[in-house]
Every structure is written in structure tokens, then in C-alpha cells.
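Residue numbers (our numbering): 7 to 125. The beta-carbon is built from N, C-alpha and C at its ideal position, and this holds for glycine as well.
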Amino acid sequence: MSEPPPVGAGPAPVSKDAMNMAVLCHLLAIFTGFLGPLIIWLMKKDELPFVDRHGKESLNFQLTVLIAMVASGVLSFLCIGFLLLPVVWIVDLIFCIIAAVKTSRGEEYRYPLTVRFIK
């Protein structure tokens with residue numbers, strides 16, 4: 007039988023299942039936008055606290071990216087959006103990869119420039 011960690015010992019280690027699901031939240035976002043993280047978060051949020059935190063973080067970032075993409079699309083009528091769309095996509099890709107790598111190490115990751123819709 008394993009004993010709980012002593013008080014003040016830091017956070018409990020994250021299970022491999024929780025870590026894999028959290029990494030999947032970040033990586034699926036590259037291909038599915040907010041839908042992948044939303045589905046995983048809804049399925050696992052009550053069961054795995056690590057996935058709850060990372061799912062919310064990924065979902066918030068993808069909703070922020072969606073708003074940026076829509077704004078860029080609207081600005082395309084002024085010829086500015088055509089420049090912004092690829093920048094938003096590249097930033098999304100880079101931050102999702104960074105988040106997945108940090109999550110795979112069991113670290114917490116907070117996306118920069120993110121509106122926290124889900125607290």
C-alpha cells in the first residue's frame with residue numbers, strides 16, 4: 007500500500023494516463039481547434055485534476071485564437087488580415103507544441119496572451 011505524501015512535500019506525481027490526456031489536449035488543438043480540448047476536458051475534468059487544468063488552459067487559448075482568426079478574417083477586407091492570419095496560425099502552432107512538451111514533463115503551462123473564459 008502506498009502512503010500519501012507528507013504534508014509540504016509538494017504536488018503529488020501525475021499519473022501517466024493524466025499526463026497523456028493533457029498532452030493530447032494541447033496537440034489535438036493544432037488539428038481540431040477548440041473541439042479536441044473541449045471533448046477531452048468534458049470527459050476527464052472530474053476524474054483527473056491535471057487534465058482539468060490543462061484542458062481549461064488549452065480550451066481558453068483556442069477560443070482566444072478563434073477570436074483572433076475571426077478578427078483577422080474581418081480585417082482581410084482591409085488587406086491587413088491576410089498578413090495576420092498566418093501569424094496567428096504559426097503562434098498557435100508554436101504555443102501548442104511548447105505546451106505539449108511542458109505537459110509531457112508533468113509541468114504546468116499557462117499560455118500567454120490568453121483570455122481566461124473558463125476559470
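Cβ neighbour criterion (16 or more within 10 Å) applied to residue i
i	result
P43	buried
I46	buried
V107	exposed
C31	buried
F101	buried
M7	Here the model assigns M7 a pLDDT of 49, short of 50, so the residue's position is not dependable, and the following value carries that caveat. By the neighbour-count rule (16 or more Cβ atoms within 10 Å), M7 is not buried but exposed.
Boundaries (first-last residue) of the alpha helix (DSSP H) holding residue i
i	result
L44	L41 to K50
E63	P55 to L81
S4	Residue 4 falls outside the range modelled here, since the chain spans only 7 to 125, and no answer is possible.
I124	First-last for I124: undefined, no H or E at that position.
V29	K22 to T38
Rounded Cβ spacing between residue i and residue j (contact assumed at less than 8 Å)
i	j	result
L54	A77	Their Cβ separation, rounded to whole angstroms, is 34 Å, which puts L54 and A77 out of contact at 8 Å.
T120	A28	No, T120 and A28 are not in contact; Cβ-Cβ is about 16 Å, not under 8 Å.
L129	L81	Outside the displayed range of the chain (7 to 125) lies residue 129, so it cannot be described from this structure.
> Are the segment 89 to 98 and the segment 59 to 66 touching by the rule of at least three beta carbon pairs closer than 8 Å?
Replying inline: no
> Do the segment 20 to 35 and the segment 64 to 74 touch if we need at least three Cβ pairs shorter than 8 Å?
Replying inline: yes
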